[in-house]
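Peer 1: Let me give you the structure first, and then I'll get to my questions.
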Amino acid sequence: MGHEDGVSTSTTIDKAFEALYASDDGSLDTAASLLAADRGADGELARRGEEFVRTLWGRGWQPADLARMVRRDLSEDHLRVLTGLIRAETARYETLPHRWRGQLDELDDTSRGRPSDRFSYATTVLELYRLLVRLPRLDAVGPVPGEALPPAVAGEPRMLTRIRALLAKAEATGYPEEAEALTAKAQELMARHSLDEATLAAGAPSPETPGAIRIGVEPPYEQAKAILLDAVATANHCRAVWNETYGFSTVVGFEADLDPVELLYTSLLVQGTAAMTRAEAEQRAGGRKRTKSFRQSFLLAYANRLGSRLATTSRRVAAETPTLLPALASRDLAVTTRTDELFPETRTTRVRAAWDEDGWNHGATAADRAGLGPERRGLRG
């Protein structure tokens, strides 16, 4: 009897999964009906889902990447199913790549049980699986579960903790001048940390090569966000390559620079969005209706101006130790070479945005207030 049940379940699953590769939703409805009618298939259905997820690890995807795609293209119900699969699959490993822990912590809570309507649940699962099996291969940006991992670092580097604290205060304060000073200090710490790393590399060359991380760049106004991330990355000896289709940028750089870049980008985005909201409120109070073009222009100006200011701060700090410039140049070359290896076919994208002069001016002002160096007057356009 057990053998027959196993054969029946496998047959049900295989028949239902034909719909994952069909082009019409009618096949999906038929498949969902098959699964809903066979309660014995539930365990195998989940196991197959974990296999799909495991396969995607080997194809370059990480938990945050999958969650981003499901959140964009499907629904919260699909995301809950995905989260359950990811948690079950990653629980198989004694250790995980260190950035995966943070990604798992950010996944949504799955404590809410599945719906009682078996057909609806089966439809949700099949829609999720259909998305998963159609995802392409991505360039790997780190080890996958099961591979040998570099030695674990005990705790977070003190420098990163200090940067995190400064940026958290900058986001929380209601005073632009205070946010300016805090963010400036954070960028200066990042620049000095890069110098420290270059000093170590120059004194005792190591086999370390540039690595990479992915950072979500999601709608709305994703082009402006990608430009901002590129500015932060470039100012901190990294390179960013935007994948518009899948909603992320890959940041390439030495390990010590990658996490600070993500921290600063995230903080500047929070600060910029808050400043944009305040500017819109002021405009509405003056009787002017704000539009999508206002917000696009605001964020583009914010990203453009901040790029100049970040670069100025980095150059100023580097100039304080001119003997290290050759070491920095060598590291920059290594990052550029690695970027070209990962992305041999990159292209430049034209900025697509409606122009709003008020939005641009407000965005530039907000970037000035987020000033990232002591020479603020000379940087105001």
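Position 18 (the sequence shown) corresponds to 8 in my numbering; numbering is contiguous. For each residue, glycine too, the CB sits at the ideal point set by N, CA and C.
Cβ atoms of ARG321 and HIS227: under 8 Å apart, would you say?
Peer 2: As a position in the sequence shown, residue 227 is number 237, starting the count at 1. As a position in the sequence shown, residue 321 is number 331, starting the count at 1. Cβ atoms of HIS227 and ARG321: closer than 8 Å.
Peer 1: In terms of residues, what are the limits of the beta strand (DSSP E) holding ASN233?
Peer 2: One-based indexing of the sequence shown puts residue 233 at position 243. Element bounds for ASN233: 229 to 233.
Peer 1: Let me know if GLU252 comes out buried or exposed under the rule of 16 or more other beta-carbons within 10 Å of its beta-carbon.
Peer 2: Translated into positions along the sequence shown, residue 252 becomes position 262. Classification of GLU252: buried, given that the 10 Å Cβ count is 16 or more.
Peer 1: Quick one: residues in its chain with C-beta nearer than 8 Å to the C-beta of ASP19, no 5 flanking neighbours on either side, listed in chain order?
Peer 2: Walking along the sequence shown from the start, residue 19 turns up at place 29. Same-chain partners within the cutoff: THR113.
Peer 1: Note down, in chain order, each residue of its chain lying with its Cβ closer than 7 Å to the Cβ of THR336, except the 5 sequence neighbours on either side.
Peer 2: Position 346 of the sequence shown, counted from the first residue, corresponds to residue 336. Around THR336: VAL231.
Peer 1: Is the beta carbon of ILE205 closer than 8 Å to that of PHE238?
Peer 2: Numbered from 1 along the sequence shown, position 248 holds the residue referred to as residue 238. Numbered from 1 along the sequence shown, position 215 holds the residue referred to as residue 205. A contact, by the Cβ cut-off of 8 Å.
Peer 1: How many whole angstroms separate the CB atoms of LEU35 and ARG120, which I take to be in contact at a CB cut-off of 8 Å?
Peer 2: For the purposes of this step, residue 35 is identified with residue 45 of the sequence shown, where counting begins at 1. For the purposes of this step, residue 120 is identified with residue 130 of the sequence shown, where counting begins at 1. Wrong, their Cβ atoms sit about 13 Å apart, outside the cutoff.
Peer 1: Between the Cα of ALA221 and the Cα atoms of GLU234, TYR236 and TYR255, which residue gives the shortest distance?
Peer 2: The residue you call residue 221 lines up with position 231 of the sequence shown. The candidate whose alpha carbon is nearest that of ALA221 is TYR255.
Peer 1: Using C-beta distances below 8 Å, list every residue in its chain close to LEU128, excluding the 5 sequence neighbours before and after it, in chain order.
Peer 2: The count along the sequence shown starts at 1 and reaches residue 128 at position 138. Answer for LEU128: ARG49, GLY50, TRP51, ASP55 and TYR236, listed in chain order.
Peer 1: Does DSSP put THR311 in a helix, in a strand, or in coil?
Peer 2: By one-based count along the sequence shown, residue 311 stands at place 321. Reduced to three states, the DSSP call for THR311 is coil.
Peer 1: Between ALA324, GLY164 and LEU72, which lies nearest to THR199 when the distance is taken from Cα to Cα?
Peer 2: Within the sequence shown, the letter at position 209 stands for residue 199. Nearest C-alpha to THR199: ALA324.
Peer 1: Quick check on the burial criterion: 16 or more other C-beta atoms within 10 angstroms. Buried or exposed for LEU315?
Peer 2: Indexing the sequence shown from 1 puts residue 315 at position 325. LEU315 should be labelled exposed.
Peer 1: Please state whether the Cβ-Cβ distance between VAL131 and ALA78 is less than 8 Å.
Peer 2: Here residue 131 refers to the residue found at position 141 of the sequence shown. Here residue 78 refers to the residue found at position 88 of the sequence shown. Taking 8 Å as the Cβ cut-off, VAL131 and ALA78 do not qualify as a contacting pair.
Peer 1: Alpha carbon to alpha carbon, how far is ASP348 from MET266?
Peer 2: Taking the first residue of the sequence shown as position 1, residue 348 is located at position 358. Taking the first residue of the sequence shown as position 1, residue 266 is located at position 276. Answer to the nearest angstrom: the Cα atoms are 11 Å apart.
Peer 1: Starting from PHE238, trace the alpha helix (DSSP H) in both directions and tell me its first and last residue.
Peer 2: The sequence position of residue 238 within the sequence shown is 248, counting from 1. Unbroken run through PHE238 is the beta strand (DSSP E), 238 to 243; no alpha helix (DSSP H).
Peer 1: Assess contact between the stretch 164 to 184 and the stretch 291 to 304, defined as three or more Cβ pairs (one per stretch) separated by less than 8 Å. Is contact present?
Peer 2: As far as the Cβ criterion goes, the stretch 164 to 184 touches the stretch 291 to 304, which means the pair count is three or higher.
Peer 1: If you draw a straight line from the C-alpha of ALA216 to the C-alpha of ARG29, how long is it?
Peer 2: Indexing the sequence shown from 1 puts residue 216 at position 226. Indexing the sequence shown from 1 puts residue 29 at position 39. Rounded to whole angstroms, ALA216 to ARG29 spans 46 Å at the Cα level.
Peer 1: Measure the alpha-carbon distance for LEU94 versus ALA275 and round it to whole angstroms.
Peer 2: Translated into positions along the sequence shown, residue 94 becomes position 104. Translated into positions along the sequence shown, residue 275 becomes position 285. About 42 Å.
Peer 1: As a quick exercise: from ARG70, MET149, ASP14 and SER106, pick the residue whose alpha carbon is nearest that of SER184.
Peer 2: In the sequence shown, the residue the question calls residue 184 occupies position 194. Checking every option, the nearest Cα to that of SER184 belongs to MET149.
Peer 1: Rounded to whole angstroms, what's the CA-CA distance from THR338 to LEU219? Just pull it up for me.
Peer 2: Start at 1 with the first residue of the sequence shown, and residue 338 comes out as number 348. Start at 1 with the first residue of the sequence shown, and residue 219 comes out as number 229. Cα-Cα distance, rounded: 15 Å.
Peer 1: So what does DSSP say about ARG278, is it helix, strand or coil?
Peer 2: Translated into the one-based positions of the sequence shown, residue 278 becomes position 288. If DSSP states are grouped into helix, strand and coil, ARG278 belongs with coil.
Peer 1: What is the C-beta distance between ALA211 and GLN261, in whole angstroms, given that I count them as a contact (C-beta under 8 Å)?
Peer 2: Here residue 211 refers to the residue found at position 221 of the sequence shown. Here residue 261 refers to the residue found at position 271 of the sequence shown. In the sequence as displayed, the identity of residue 211 is Tyr instead of Ala. The pair is not a contact, with the Cβ atoms about 15 Å apart (cut-off 8 Å).
Peer 1: In chain order, what residues of the same chain lie with their CB nearer than 7 Å to the CB of ARG104, ignoring the 5 residues before and after it?
Peer 2: Taking the first residue of the sequence shown as position 1, residue 104 is located at position 114. For ARG104, where only same-chain residues beyond five positions count, the Cβ hits under 7 Å are TYR111.
Peer 1: Given that a residue counts as buried once 16 or more other Cβ atoms are within 10 Å of its Cβ, and exposed if not, what is ASP63?
Peer 2: The residue given as residue 63 occupies position 73 in the sequence shown. Exposed is the call here.
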